[in-house]
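Chemist: According to this note's numbering, the sequence shown is numbered sequentially starting from 63.
Just so you know, even glycine gets a beta-carbon here, dropped at the ideal spot from N, CA and C.
None of the values given here were measured: they were computed from a predicted structure.
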Amino acid sequence: MLALFHAFSSKCVQIQRAIKMGDDVLVAALDRELAPLVAAILAYRASSMLEIYMQLQFMSNLIRQEADDRTSVMRNCSALATLLHRYFAGAEVAAMDALLSFASEGPDRGNAVFGDDQVLSDLVLDSLPDRVAVITRDYRYLYSNAANNAYMNTKQMDLLGRHLSEFIGVERFEQRAKHKLDACFAGESVDYIYRSYFTADAGQPIRCRMTPVRAKGEIIGALLMLQDVKVAADVVA
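#1: 8 Å is my cut-off, CB to CB: does Y106 come that close to chain C?
#2: Would you kindly check if the distance between the Cβ of I125 and the Cβ of Q142 is under 8 Å?
#3: Using only CA atoms, which one of L118, Q127, Y254 and D130 lies nearest to T144?
#4: By the three-class DSSP mapping on this structure, what secondary structure does S140 have?
#5: Are the beta-carbon atoms of G265 and R257 separated by less than 8 Å?
#6: Identify, in the order they occur along the chain, each residue of the same chain with its Cβ nearer than 7 Å to the Cβ of R171, setting aside the five sequence neighbours on each side.
#7: Give me the residue from Y259, A91, G279 and R276 with the minimum Cα distance to D290.
#8: Nearest-angstrom Cα distance between L64 and S206?
#9: I want to know whether the region 235 to 253 touches the region 73 to 87 - three or more CB-CB distances under 8 Å.
#10: To the nearest angstrom, how far is the alpha carbon of V275 from that of I282?
#11: My output table needs one value for S122: the three-state DSSP class, helix, strand or coil.
#12: Rounded C-beta distance between V75 and D220? I'm assuming under 8 Å.
#13: Mind reading off the beta-carbon distance from L226 to Y201? Whole number of angstroms is fine, and I expect it under 8 Å.
#14: Indicate the three-state DSSP secondary structure (helix, strand or coil) for E280 in the structure shown.
#15: Let me make sure I understand the geometry here. Which of Q78, K82 and Y106 has the alpha-carbon closest to that of D93?
#16: Of the choices R234, M116 and I103, whose alpha-carbon is the least far from that of Y203?
#17: Looking at the unbroken beta strand (DSSP E) that takes in D253, where does it start and where does it end?
#18: Let me know if V194 comes out buried or exposed under the rule of 16 or more other beta-carbons within 10 Å of its beta-carbon.
#19: How many Å lie between A165 and N211 at the Cα?
#20: Per DSSP, what kind of secondary structure is M219 in: helix, strand or coil?
#21: Three-state secondary structure (DSSP) at Q237?
#22: CB H68 to CB R224, shorter than 8 Å?
#23: Does the ligand PLP have a heavy atom nearer than 7 Å to the CB of A245?
#24: Just confirm the distance between the C-beta atoms of K73 and L104, as a whole number of angstroms; I'd bet it's less than 8 Å.
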């Protein structure tokens, strides 16, 4: 499924570039290529609650992104209803209750957002002032909350499936982020401070906490929580 999200995200980036170039013909051609990708994502039969969440989150983002187009909203809402019926029709609990049950707090307060077979609650994470992201074991974005999207000046749909190095650079990824993520994927909880490299707040100390994300007992990614801090320069990575 991540491959489909990556293809969709890449196509959106191409469209944005074509718009900036003022190439209406290319924009129209690329836009036509989005429909088959959306159809493929909807047709995909999820095999886990995580994949179900990803599909539902994708449609939710699509509805928000095309909110000004009534026809698109109706079409996307219909697709969302199809997904809900596919996975939750006949269930003993409502679909939303089923989803939220996977976001309930576990016994470990340090990993309350995730637990075995649990999926993060978008509503909860979007309400947090801190930046939150989930990175898969192949170093691609699975999730980014509203605060992180705003900080990076991008949309969540433009992040899904894309490699972390595309946003922080290959050198920073290899020298700073990769070995810390690998430690998290090995089961460690990582906590460190670094200085921001974004132009808007260059040099600002940022605290990054990484927690392993588990599903069915296996680590499938890392939950990153980032917040601005004020610390002595000698403790900054």
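Modeler: So, from the data block:
#1: Any reference to chain C falls outside this structure, which holds one protein chain only.
#2: Residue numbering aside, residue 142 sits at position 80 when the sequence shown is read from its first letter. Residue numbering aside, residue 125 sits at position 63 when the sequence shown is read from its first letter. Residue 142 is actually Leu in this sequence, not Gln. Cβ atoms of L142 and I125: closer than 8 Å.
#3: Translated into the one-based positions of the sequence shown, residue 144 becomes position 82. Of the candidates L118, Q127, Y254 and D130, the one whose C-alpha sits nearest the C-alpha of T144 is L118.
#4: Taking the first residue of the sequence shown as position 1, residue 140 is located at position 78. Residue state, collapsed to three classes: helix.
#5: As a first step, residue 265 is located in the sequence shown; it is residue number 203 there, counting from the start. As a first step, residue 257 is located in the sequence shown; it is residue number 195 there, counting from the start. Yes, Cβ-Cβ distance for G265 and R257 is below 8 Å.
#6: Here the question's residue 171 lines up with position 109 in the sequence shown. Legend: pLDDT at R171 = 35, less than 50; position of this residue unreliable, value from coordinates given subsequently. For R171, where only same-chain residues beyond five positions count, there are no Cβ hits under 7 Å.
#7: Position 228 of the sequence shown holds residue 290. Nearest C-alpha to D290: Y259.
#8: Taking the first residue of the sequence shown as 1, we reach residue 64 at position 2. Taking the first residue of the sequence shown as 1, we reach residue 206 at position 144. One C-alpha to the other measures close to 15 Å.
#9: no
#10: Position 213 of the sequence shown holds residue 275. Position 220 of the sequence shown holds residue 282. Going from the Cα of V275 to the Cα of I282 covers about 6 Å.
#11: Within the sequence shown, numbered from 1, the residue matching residue 122 stands at position 60. S122 falls in the helix class under three-state DSSP.
#12: Working through the sequence shown from its first residue, we reach residue 75 at position 13. Working through the sequence shown from its first residue, we reach residue 220 at position 158. The Cβ separation is near 7 Å, so the contact holds.
#13: Here the question's residue 226 lines up with position 164 in the sequence shown. Here the question's residue 201 lines up with position 139 in the sequence shown. Right, their Cβ atoms sit about 5 Å apart.
#14: Within the sequence shown, residue 280 is the residue found at index 218, counting from 1. Residue state, collapsed to three classes: strand.
#15: Taking the sequence shown and counting its residues from 1, the one referred to as residue 93 is at position 31. That would be Q78, whose Cα lies nearest to the Cα of D93.
#16: For the purposes of this step, residue 203 is identified with residue 141 of the sequence shown, where counting begins at 1. Among R234, M116 and I103, the Cα nearest to that of Y203 is on M116.
#17: Position 191 of the sequence shown holds residue 253. Unbroken beta strand (DSSP E) run through D253: V252 to R257.
#18: Locating residue 194 in the sequence shown gives position 132, where the first residue counts as 1. Buried.
#19: Position 103 of the sequence shown, counted from the first residue, corresponds to residue 165. Position 149 of the sequence shown, counted from the first residue, corresponds to residue 211. Any reading at A165 must be qualified, since the residue scores a pLDDT of 37, below 50, and its modelled position is unreliable; no value is offered.
#20: Indexing the sequence shown from 1 puts residue 219 at position 157. In this structure, M219 counts as helix in the three-state DSSP scheme.
#21: If you number the sequence shown from 1, residue 237 lands on position 175. Looking at Q237 - three-state DSSP - the assignment turns out to be helix.
#22: For the purposes of this step, residue 68 is taken as the residue at position 6 of the sequence shown. For the purposes of this step, residue 224 is taken as the residue at position 162 of the sequence shown. Yes; because the gap between Cβ atoms is below 8 Å, this pair is in contact.
#23: In the structure shown, the ligand PLP is absent, as is every other ligand, since no ligand is present at all.
#24: In the sequence shown, residue 73 corresponds to position 11, counting from 1. In the sequence shown, residue 104 corresponds to position 42, counting from 1. Between L104 and K73 the Cβ distance is about 16 Å, and since that is not below 8 Å, they are no contact.
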